[in-house]
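*Asks:* With mature numbering (1 follows the signal peptide of the UniProt record, and there is no 0) as the guide, the letters of the sequence shown map in order to residues -20 to -1, 1 to 530. Think of the CB as a built atom: it goes at the ideal place given N, C-alpha and C, for glycine as much as any other residue. On a predicted model such as this, the values are computed, not experimentally measured, just so you know.
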Amino acid sequence: MGRVTILLLCLLAGAVAVRGEDPYLFFTWNVTYGTISPLGVPQEGIFINGQFPGPNINSTTNNNLVINVFNNIDEPLLFTWNGIQQRKNSWQDGVLGTNCPIPPGKNFTYRFQVKDQIGSYFYYPTTAMHRAAGGFGGLRVNSRLLIPVPYADPEDDYTVLIGDWYSKSHTVLRQKLDAGRPLARPDGVLINGQTGKGKDVKPLFTMKPGKTYKYRICNVGLKNSLNFRIQGHQMKLVEMEGSHTVQNTYDSLDVHVGQCFSVLITADKDPRDYYMVASTRFTKSVLTATGIIRYTNGNGAPASSILPKAPEGWAWSLNQFRSFRWNLTASAARPNPQGSYHYGQINITRTIKLVSSASSVGGKLRYGINGVSHVNPPTPLKLAEYYGVADKVFKYDTIPDEPLLEKATPVTPAPNVMNITFRTFVEIILENHEKSVQSWHLDGYSFFTVAIEPGRWTPEKRKSYNLLDAVSRHTIQVFPKSWAAIMLTFDNAGMWNLRSELAERRYLGQELYISVLSPERSLRDEYNMPDDAELCGAVTSLPKPTPYSI
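(1) Below 7 Å CB to CB, which residues in the same chain sit around leucine 448 once its five sequence neighbours on both sides are set aside?
(2) Output yes or no for whether 8 Å exceeds the beta carbon distance between glycine 278 and leucine 184.
(3) Is glutamine 211 helix, strand or coil by DSSP?
(4) Here's the rule I'm using: 16 or more other beta-carbon atoms within 10 Å means buried, otherwise exposed. How should histidine 322 be labelled?
(5) According to DSSP, which residues form a beta bridge with threonine 60?
(6) Please determine if the stretch 152 to 171 and the stretch 217 to 225 are in contact, where contact requires at least 3 C-beta pairs separated by less than 8 Å.
(7) For proline 128, I'd like the list of residues in its chain whose CB is within less than 6 Å of its CB, leaving aside the five on either flank, ordered along the chain.
(8) Apart from the five residues just before and just after proline 525, which ones in its own chain have a Cβ nearer than 7 Å to its Cβ?
(9) For glutamate 506, which three-state DSSP category applies?
(10) Report the partner residues of cysteine 198 according to the DSSP bridge assignment.
(11) Between glycine 117 and glycine 34, is the Cβ-Cβ spacing less than 8 Å?
(12) Assuming alanine 283 and arginine 302 make a contact with CB atoms under 8 Å, what is their CB distance in whole Å?
(13) Determine contact between the stretch 259 to 274 and the stretch 146 to 162, defined as no fewer than three beta-carbon pairs at a distance below 8 Å.
(14) What's the gap between the Cα of leucine 415 and the Cα of lysine 461?
(15) Going along the chain, which unbroken runs of the alpha helix (DSSP H) with 4 or more residues stay wholly within the stretch 363 to 399?
(16) Could you check whether the stretch 192 to 200 touches the stretch 135 to 144, counting it as contact only if at least three pairs of C-beta atoms, one from each stretch, sit closer than 8 Å?
(17) Inspect the beta-carbon positions of isoleucine 466 and threonine 438 and report whether they are closer than 8 Å.
(18) Pop quiz: phenylalanine 50 and asparagine 10 are said to be a contact at Cβ under 8 Å. What is the actual Cβ separation, rounded to whole angstroms?
(19) Report all residues from its chain with a CB closer than 7 Å to the CB of alanine 513; omit the five preceding and five following residues, and keep chain order.
(20) Jot down the residue ranges of each uninterrupted beta strand (DSSP E) in the stretch 228 to 300, minimum 3 residues, whole runs only, in chain order.
(21) Quick one: what does DSSP say lysine 443 is sitting in, helix, strand or coil?
(22) Since serine 433 is in the beta strand (DSSP E), which residue starts that stretch and which ends it?
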């Protein structure tokens, strides 16, 4: 065989190898402060590449995302990718238990692959109440052409970021929390950074008559559950946090903090403008924002001033939750169709009950879980574990699986780390003894939300579980004086954050970390620490540990 022939064969082999690798998407983010006035009052906001809210990330399943973040604000910064599972890669999770924050004037490159999660998500900054200033944006994972979704391609795809908002800056809010005082009620609600009030309000979206559109609705707020609805139009629910759902239609949807829904809207009404509406739920005083949807053939005919009303009471919201079902016949970006994972037939190896509480510590408000209010040590928990100095930084299993807590029980500030055995199937009960709605999120995983019911949980309550088609998702609400049950297999090695999505509660300690260690220390189970990872705390000057291998 001649040298030219060998060279051609080598080049062809290289071409095949290049084509075989999943595509890369590259982003460069310049994070800065700027002045915003979403409620008519100038305040300091956080911009990404000059945008508030931040830019949408539009990806396709199996894409590798490379996001180079330049921190040009005056405080350390981290971003998390809410709901993206980060398989084997908690190094990219962007929370203080896994990462040293990006110092002012420095940059860090996030590298992760979006897999098996066709759906709607968002990102936001996790440090120092920065979320109250902006820095959030939509993140969508589209289906590859080879993987059909259970509905026709929409005419267009819109991201709708709804959330409550404070007119005071994030630094003022943080100072109030640091002083041990709770936050007051928010000052307003935003839809894509706007209230929809005032003169010369421009439409957020347009629709062609007869066409169907996908709207991805995410609650990126700080405190309040919101109800979302569109004047005169029904919404067909098709996806929820990475899972295709049974396609029921709704006049409105309760979207709790941290949650995302995808709905289909058909432009089949009279040609004119219509209001989309987001308003607070379970609050004495209702805050409302609007956004205009314009029919392209409507000639700018104004929307009716009569806004559709929101439902009343949390019982309505509970019944809506019960109507959500996983679509067992839909294909998905994984080897087997959705629903083939028969979670209801797996033996539970451990039951963990988590009860939230609030108390005063040193005259200052703190929130806790099972009597412990989480404190982030100077050394991130994951780094301490990886470098073999965990015993000098934190203790495992600081809380019991079955707490004996009453409302007046004080909380203890400490790093709150729970150790869960790799690949075990666990039941977690989230119990709410308080009078307000809570919202909980778990990084690194999706879980089956098998029940939400009023009262206290007991083992007999398992009779009410949905063990067939509960939706697999990553954020779940718990209603007042109620409990929620979730189930999942802890098969994703790493250090993962379970947190209240309510910013005030999380900032004041209502979170914990779950350590899922692979005994083999193998690259088959978990990636090594990135070479450019920031070091801080007790590991700053330590030699790098021996990397994992296959």
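*Replies:* Put simply:
(1) Gly324
(2) Contact flag unset, no.
(3) In this structure, glutamine 211 counts as coil in the three-state DSSP scheme.
(4) exposed
(5) Tyr104
(6) no
(7) Ser311.
(8) Answer for proline 525: Tyr366, Tyr367 and Gly368, listed in chain order.
(9) coil
(10) Leu141 and Cys240
(11) yes
(12) Actually they do not touch by this definition, with Cβ atoms about 32 Å apart.
(13) no
(14) A small fix is needed here, since residue 415 is lysine in this sequence, not leucine. Roughly 6 Å between the two C-alpha positions.
(15) none
(16) When Cβ pairs closer than 8 Å are counted between the two stretches, the stretch 192 to 200 is seen to touch the stretch 135 to 144, the count reaching three or more.
(17) no
(18) That belief holds up - the Cβ atoms of phenylalanine 50 and asparagine 10 are roughly 5 Å apart, short of 8 Å.
(19) Trp71
(20) For the stretch 228 to 300, the full-length beta strand (DSSP E) segments reaching 3 residues or more read 232 to 235, 240 to 246, 253 to 260 and 268 to 275 along the chain.
(21) helix
(22) Residue identity differs from the one stated: residue 433 is glutamate in this sequence, not serine. That run of the beta strand (DSSP E) goes 427 to 434.
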